[in-house]
Amino acid sequence: MKRSLAQSLFSSNGGYASLVLRIPVGLILAAHGAQKLFGWFGGHGLEGTGQWLASIGLTPGYLMAMLAGSAEFFGGIALLLGLLTRPAALVSAFTMLVAIFSVHIDNGLFMSNNGYEYALTLLAATLALVIQGAGRLSLDDIILKHFERAGNGLRTDA
Numbered sequence: 042m043k044r045s046l047a048q049s050l051f052s053s054n055g056g057y058a059s060l061v062l063r064i065p066v067g068l069i070l071a072a073h074g075a076q077k078l079f080g081w082f083g084g085h086g087l088e089g090t091g092q093w094l095a096s097i098g099l100t101p102g103y104l105m106a107m108l109a110g111s112a113e114f115f116g117g118i119a120l121l122l123g124l125l126t127r128p129a130a131l132v133s134a135f136t137m138l139v140a141i142f143s144v145h146i147d148n149g150l151f152m153s154n155n156g157y158e159y160a161l162t163l164l165a166a167t168l169a170l171v172i173q174g175a176g177r178l179s180l181d182d183i184i185l186k187h188f189e190r191a192g193n194g195l196r197t198d199a
């Protein structure tokens, strides 16, 4: 059975559990992204974050700061809204994977030593959202229902 593009992108089997993940993870990611992009919440903005990223070998630092900050900020906002949840969660998961292996892995597991436990937690939560989708009370759910009512699932088999 072929699925429509809308079904693949917007459907979910997460129910309310996805909402429980989306809200705090979205807030956390958006706040961290705002630190990198805008210098909010005690962050260093693009310049400072870019300089630091370049100093640890992620070059060009400014571009890497923009990519990481955008993935976190816009991905976090998308997760909060439940909009394009799977792609937003996938980009966020990739960002956490990069953070784990480029910044935290040599420090061990625990956050008290700048370890990877926090980034690993966000990685697990975002991967769960990639698998189960946005769940209920999401824009993805509203969009999917609209396509189903309209009888237009953006078929990929045409």
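For the sequence shown, this note's numbering puts the final residue at 199, and the numbers step up evenly by one.
Beta carbons: idealized from backbone N, C-alpha and C, even for Gly.
Classification of residue i by the beta-carbon crowding that lies within 10 angstroms, buried from 16 upward
i	result
K77	buried
A47	buried
H26	This structure does not reach residue 26, given that the chain is present from 42 up to 199, and the question cannot be answered.
A191	exposed
G83	exposed
G91	buried
F79	exposed
G56	exposed
H187	exposed
Endpoints, the alpha helix (DSSP H) within which residue i is located
i	result
F188	L180 to A191
L116	At residue 116 the sequence reads Gly, which differs from the Leu that was named. Residues G102 to L122.
V61	G56 to F79
S53	No alpha helix (DSSP H) holds S53; DSSP gives it neither H nor E.
R127	T126 to A140
V144	Unbroken run through V144: none, as it is neither H nor E.
S96	G86 to S96
Y159	E158 to Q173
Sequence-distant residues of the same chain with beta carbon closer than 8 Å to residue i, five excluded per side
i	result
F135	A112
L168	A130 and A134
Cutoff 7 Å; reference residue i; Cβ partners in own chain excluding five residues on either side
i	result
S143	I97 and L99
L138	L164
H145	N155, G156, Y157 and A160
F114	A71, G74, A75 and L78
6 Å CB neighbourhood of residue i in its chain, flanking five on each side removed
i	result
L125	A119
F51	D181, I184 and L185
A129	G116, A119 and L120
N54	Q173
G67	G117, L120 and L121
W81	A75
- Message: When you compare the region 47-66 with the region 89-108, are there three or more beta-carbon pairs, one atom per stretch, that lie closer than 8 Å?
- Response: no
- Message: Is it the case that the region 146-153 contacts the region 181-189, given that we only count it when at least three CB pairs across the two stretches are under 8 Å?
- Response: no
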